[in-house]
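Take the sequence shown: its letters are residues 10 to 345, numbered as in our numbering.
C-beta atoms are modelled at their ideal positions from N, C-alpha and C, and glycine is treated no differently.
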Amino acid sequence: MQPFLYIQNSYSMLSFNEILQRIEHEVSQLQFNYPPHSLYTPIEYILSLGGKRIRPALTLIGCNIYSDSIENAIAPALSLEIFHNFTLLHDDLMDEADKRRKKPTVHKVWNENTAILSGDAMLIVAYKTIAESNPAYLKQLLDLFTITALEICGGQQYDMEFEARTDVDEAEYIEMIRLKTAVLMGCGLKMGGIVGGASESDCEHLYQYGLNIGLAFQLKDDLLDVYGNPATFGKNIGGDILCNKKTFLLINALKKASEEQKETMYQWFEKKTFDPAEKINAFKQIYDKLELKKITETKIQYYYDQALQHFSQLSAPAERLSILKDVSNDLLYRES
Numbered sequence: 010m011q012p013f014l015y016i017q018n019s020y021s022m023l024s025f026n027e028i029l030q031r032i033e034h035e036v037s038q039l040q041f042n043y044p045p046h047s048l049y050t051p052i053e054y055i056l057s058l059g060g061k062r063i064r065p066a067l068t069l070i071g072c073n074i075y076s077d078s079i080e081n082a083i084a085p086a087l088s089l090e091i092f093h094n095f096t097l098l099h100d101d102l103m104d105e106a107d108k109r110r111k112k113p114t115v116h117k118v119w120n121e122n123t124a125i126l127s128g129d130a131m132l133i134v135a136y137k138t139i140a141e142s143n144p145a146y147l148k149q150l151l152d153l154f155t156i157t158a159l160e161i162c163g164g165q166q167y168d169m170e171f172e173a174r175t176d177v178d179e180a181e182y183i184e185m186i187r188l189k190t191a192v193l194m195g196c197g198l199k200m201g202g203i204v205g206g207a208s209e210s211d212c213e214h215l216y217q218y219g220l221n222i223g224l225a226f227q228l229k230d231d232l233l234d235v236y237g238n239p240a241t242f243g244k245n246i247g248g249d250i251l252c253n254k255k256t257f258l259l260i261n262a263l264k265k266a267s268e269e270q271k272e273t274m275y276q277w278f279e280k281k282t283f284d285p286a287e288k289i290n291a292f293k294q295i296y297d298k299l300e301l302k303k304i305t306e307t308k309i310q311y312y313y314d315q316a317l318q319h320f321s322q323l324s325a326p327a328e329r330l331s332i333l334k335d336v337s338n339d340l341l342y343r344e345s
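So this is what it looks like as structure tokens:
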């Protein structure tokens with residue numbers, strides 16, 4: 010394994026780019042060259058597809074806020090990234106998705122049974138990785154990681170159940186994305202705080218900060234699916250509309266729409282063959298009339314403000330906290 014070299018600044022704090030470089034280095038050092046190769050090669054494949062790596066980055070940031078060394082955060086951060094990609098592998102299978110980050114999904118490259126088994130192996134590898142953490146923090150990390158993993162499974166179950174419903178309300182949707190998306194960000198930050206030596210109070214504020222940023226992050230994703238720039242958005246614009254996916258915008262549209270608008274949406278739901286651009290445009294027109302872009306942006310700001318309340322309670326020096334706020338701003342004001 011090759012050592013990773015970097016130069017720290019005067020505060021012994023890493024920049025966000027340095028943190029991402031360290032994560033990419035550590036991911037590249039993961040070893041999956043074991044028999045049977047048909048089990049481990051798909052794991053190597055999905056991890057090679059990249060992504061924002063925001064969850065492990067939050068773990069390293071959470072640690073570095075309180076400690077000059079991030080070494081105790083490496084194993085927990087890697088376990089989160091492996092676990093996150095495991096959920097993507099199985100999500101793609103359940104969603105029958107053809108592409109992930111513009112590459113064929115695992116079940117398309119191999120087959121469904123391989124995707125199931127390789128995903129199962131990834132979950133075990135995630136636990137094996139977190140078990141390599143500093144023993145002084147291991148029980149706390151395992152307890153948090155296990156609770157979070159179960160919550161994410163619950164969120165995915167809700168998401169699947171929502172597919173067959175048209176009466177999902179906003180509170181149900183927020184709870185679903187809290188479980189499916191937000192808790193992993195809260196977990197990442199809190200694990201970093203734990204291994205960095207943060208107080209119990211700061212660890213809880215880190216968790217709540219990450220949780221609220223995670224909620225805002227998912228709502229921003231929902232918004233970008235409709236109003237994002239095709240040149241910068243990482244996915245096809247309108248993808249959620251085409252597959253009738255329940256999003257914050259669709260749920261509010263069904264609640265606020267006139268009877269005529271509802272009928273238009275229900276007709277599109279039932280169509281098996283259609284012009285994709287026409288369907289996207291039909292929903293976008295309804296969303297525009299109902300001012301759902303503004304409503305969603307207001308909700309995003311609400312969760313960001315909630316996050317800032319917890320941020321203000323953290324006891325670390327301002328110069329060590331600035332990276333966390335900067336990264337959060339980048340996530341919420343991103344166009345991809």
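C-alpha of residue 270 to C-alpha of residue 293: approximately 12 angstroms in a straight line. The beta-bridge partner set that DSSP reports for residue 65 is empty. Secondary structure remark: continuous alpha helix (DSSP H) runs of at least 4 residues inside the region 35-89, in chain order: 46-57 and 63-75. Secondary-structure assignment with DSSP links residue 112 through a beta bridge to 109.
Straight-line measurement puts the Cα of residue 256 at about 19 angstroms from the Cα of residue 286. Using a Cβ distance threshold of 8 angstroms, residue 215 and residue 198 count as a contacting pair.
In the same chain as residue 332, and ignoring 5 residues on each side of it, the C-beta atoms closer than 7 angstroms to its own belong to 22, 25 and 70, in chain order. Around residue 221, the same chain offers 312, 315 and 316 as residues with beta carbons nearer than 6 angstroms, after the five sequence neighbours per side are excluded. Taking the Cα positions, residue 206 is about 16 angstroms away from residue 86.
For residue 318, the uninterrupted alpha helix (DSSP H) run begins and ends at 301-320, by DSSP. Separation of residue 75 and residue 82 (C-alpha to C-alpha, rounded to the nearest whole angstrom) is 11 angstroms.
Annotated three-state conformation of residue 285 is helix, per DSSP. With the rule of 3 Cβ pairs closer than 8 angstroms, the region 49-56 does not count as touching the region 160-174. Take the alpha-carbon of residue 200 and the one of residue 100: they are about 25 angstroms apart. The Cβ atoms of residue 118 and residue 91 do not sit closer than 8 angstroms to each other. Per DSSP, residue 175 is not a residue of any alpha helix (DSSP H), being assigned neither H nor E.
Sixteen is the threshold: when 16 or more other Cβ atoms of the shown chains lie within 10 Å of the Cβ of residue 185, as they do, the residue is buried.
Here the region 330-344 makes no contact with the region 261-268; the two share fewer than three CB pairs at distances below 8 angstroms. Cα atoms of residue 326 and residue 278: separation of roughly 52 angstroms, rounded to the nearest angstrom.
Going by DSSP, residue 141 is part of no alpha helix (DSSP H) at all; its letter is neither H nor E. With at least 16 other beta carbons inside 10 angstroms of its own, residue 127 counts as buried. In the three-state reduction of the DSSP assignment, residue 341 falls in the helix class.
Distance from the CA of residue 240 to the CA of residue 131, rounded to the nearest whole angstrom, comes to 33 angstroms. With a minimum length of 3 residues, there is no unbroken run of beta strand (DSSP E) contained wholly in the region 190-253. For residue 22, the three-state secondary structure derived from DSSP is coil. Separation of residue 340 and residue 281 (C-alpha to C-alpha, rounded to the nearest whole angstrom) is 35 angstroms.
The region 54-68 makes contact with the region 107-121, as at least three CB pairs between them are under 8 angstroms.
C-alpha of residue 209 to C-alpha of residue 266: approximately 46 angstroms in a straight line.
Rounded to whole angstroms, the gap between the alpha carbons of residue 272 and residue 296 is 14 angstroms.
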